[in-house]
Ligand SMILES: Cc1ncc(COP(=O)(O)O)c(C=O)c1O
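In the working numbering, the protein residues as written are 1 to 429.
Structure below.
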């Protein structure tokens with residue numbers, strides 16, 4: 001069949017598109033989406049799907065938000081794009097100012113990129129080059145949490161837990177030391193041992209919730225313990241708030257709950273309300289200052305064509321205002337409250353374990369009948385079960401979670417919960 005003969009969008013897609021995280025050999029077709037509004041995706045055949053996971057955890061403010069559309073349209077008409085080395089523009093500068101104001105105290109400079117992996121990659125490179133610029137002590141070791149995920153580019157992948165995603169590349173990835181996210185005396189002891197070797201440049205972590213690792217939740221105390229040890233040994237600390245940022249856990253930034261503010265903060269996803277690709281890496285002035293020099297070789301040589309895209313920056317400025325508004329804070333609190341009520345109900349189900357809520361995220365573990373793990377066919381079946389009932393949920397192995405846009409109404413949440421009830425009844429009794 002030629003492209004001209006292929007009639008449906010899915011047929012045309014099959015001919016020419018390679019989808020992310022998708023194994024064509026296992027069957028299954030992508031769903032053709034024609035439009036989206038609020039928490040609802042509308043498919044080509046007219047069906048509606050409730051987006052229970054904010055479309056890869058990014059759509060915080062709902063699809064088709066009129067104010068974000070307006071910001072994009074107005075900026076596009078004024079300045080669409082310009083290279084960001086040797087040039088600057090109002091949307092980027094204003095966004096940097098506003099992010100520094102909104103973030104936990106201490107950040108002074110904003111480095112722009114366009115996806116979460118790169119925000120983390122940039123942070124790690126900055127930390128390592130900082131020690132290179134100092135000259136005296138070369139430090140190249142990175143410490144990360146067990147089960148962490150920081151993205152799919154090489155550096156971000158190296159920092160993340162090894163597994164099926166990284167297996168073909170494992171020999172090529174730099175070595176990373178790992179500590180358990182729950183901390184504890186053993187974790188603290190290990191952190192101290194690692195840091196005392198003197199070669200650790202950076203400690204990177206997802207604050208309070210490890211997303212791709214299975215919506216695992218850990219305590220502020222555990223992190224503060226690690227951060228205080230890292231600081232003692234001069235290790236640069238990096239909070240990866242790509243998923244947790246912009247109110248996902250309640251406060252604008254999860255790291256604002258920490259006693260020790262991390263030196264670097266990585267943000268993406270909800271930065272534009274989940275509408276446009278943009279990412280930032282926030283650093284302290286003290287770190288930035290160590291790159292300033294008449295020596296060209298101390299430059300941070302990193303950048304991308306679409307760095308600080310003016311339209312994405314303009315949208316992000318508006319998204320930040322909307323996310324910080326008290327009405328949005330109240331929406332997040334409402335979702336958390338509904339999640340907590342439903343969690344109490346789920347806790348009574350014997351086949352489910354570790355029912356947990358953090359901000360707008362509800363997650364629980366289940367024993368699947370036909371095998372477990374990220375790649376199990378059971379996981380695909382679960383997604384299908386929900387899609388057939390008009391709900392988008394995608395399990396992470398045995399973990400099922402709800403992570404909705406903040407505009408999701410009580411009625412829409414009830415539809416998601418009701419489908420989960422039906423699913424639990426159908427699969428565990
Ligand atoms: C915590 C965390 N860091 C980094 C990333 C990578 O972001 P991106 O997919 O935009 O590269 C993700 C993506 O899910 C994430 O959850």
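All C-beta atoms, glycine included, are put in the ideal place defined by N, C-alpha and C.
Query, Result
"Is residue 105 buried or exposed, if buried means 16 or more other CB atoms sit within 10 Å of its CB?", "exposed"
"Is it the case that the Cβ atoms of residue 364 and residue 355 are separated by a distance below 7 Å?", "yes"
"Name the two residues that bound the continuous alpha helix (DSSP H) containing residue 116.", "116 to 134"
"If we call anything under 7 Å between Cβ atoms a contact, is residue 205 one with residue 145?", "yes"
"Mind checking whether residue 148 and residue 137 have CB atoms under 7 Å apart?", "no"
"Give the DSSP-derived three-state secondary structure of residue 45 in the structure shown.", "coil"
"Give every residue of the same chain whose Cβ lies closer than 6 Å to the Cβ of residue 59, excluding the five residues on either side of it in the sequence, and list them in chain order.", "274, 405"
"Can you check DSSP and say which residues form a bridge with residue 63?", "38"
"Tell me where the beta strand (DSSP E) around residue 245 begins and ends.", "Where residue 245 is concerned, there is no enclosing beta strand (DSSP E), given that its DSSP letter is neither H nor E."
"Can you tell me whether residue 309 is buried or exposed, with buried defined as 16 or more other CB within 10 angstroms of its CB?", "buried"
"Can you check DSSP and say which residues form a bridge with residue 197?", "For residue 197, which the question treats as bridged, DSSP gives no partner whatsoever."
"Between residue 59 and ligand 1, is the CB less than 6 Å from at least one heavy atom?", "no"
"Taking contact to mean at least 3 C-beta pairs separated by less than 8 Å, is the stretch 118 to 129 in contact with the stretch 195 to 203?", "yes"
"Just checking residue 161 against ligand 1 - is the residue's beta carbon closer than 6 Å to any of the ligand's heavy atoms?", "no"
"Do you know offhand how far residue 111's Cα is from residue 263's?", "14 Å"
"Suppose the cutoff is 6 Å on Cβ atoms and the five residues either side in sequence are ignored; what does the same chain contact list for residue 166 look like?", "157"
"How about residue 208 and residue 254: are their beta carbons less than 7 Å apart?", "yes"
"Give the DSSP-derived three-state secondary structure of residue 80 in the structure shown.", "coil"
"Are the Cβ atoms of residue 131 and residue 141 separated by less than 7 Å?", "no"
"For the alpha helix (DSSP H) containing residue 27, list its first residue and its last residue.", "Taken as a continuous stretch (DSSP letters only), residue 27 belongs to no alpha helix (DSSP H), as it is neither H nor E."
"Leaving out the 5 sequence neighbours to the left and right, which residues in its chain are closer than 6 Å to residue 31 when beta-carbon positions are compared?", "43"
"At what residues does the alpha helix (DSSP H) containing residue 137 begin and finish?", "Residue 137 -> no alpha helix (DSSP H), and no H or E assigned at all."
"Hey, out of 389, 402, 97, 276, whose CA is closest to residue 48's CA?", "389"
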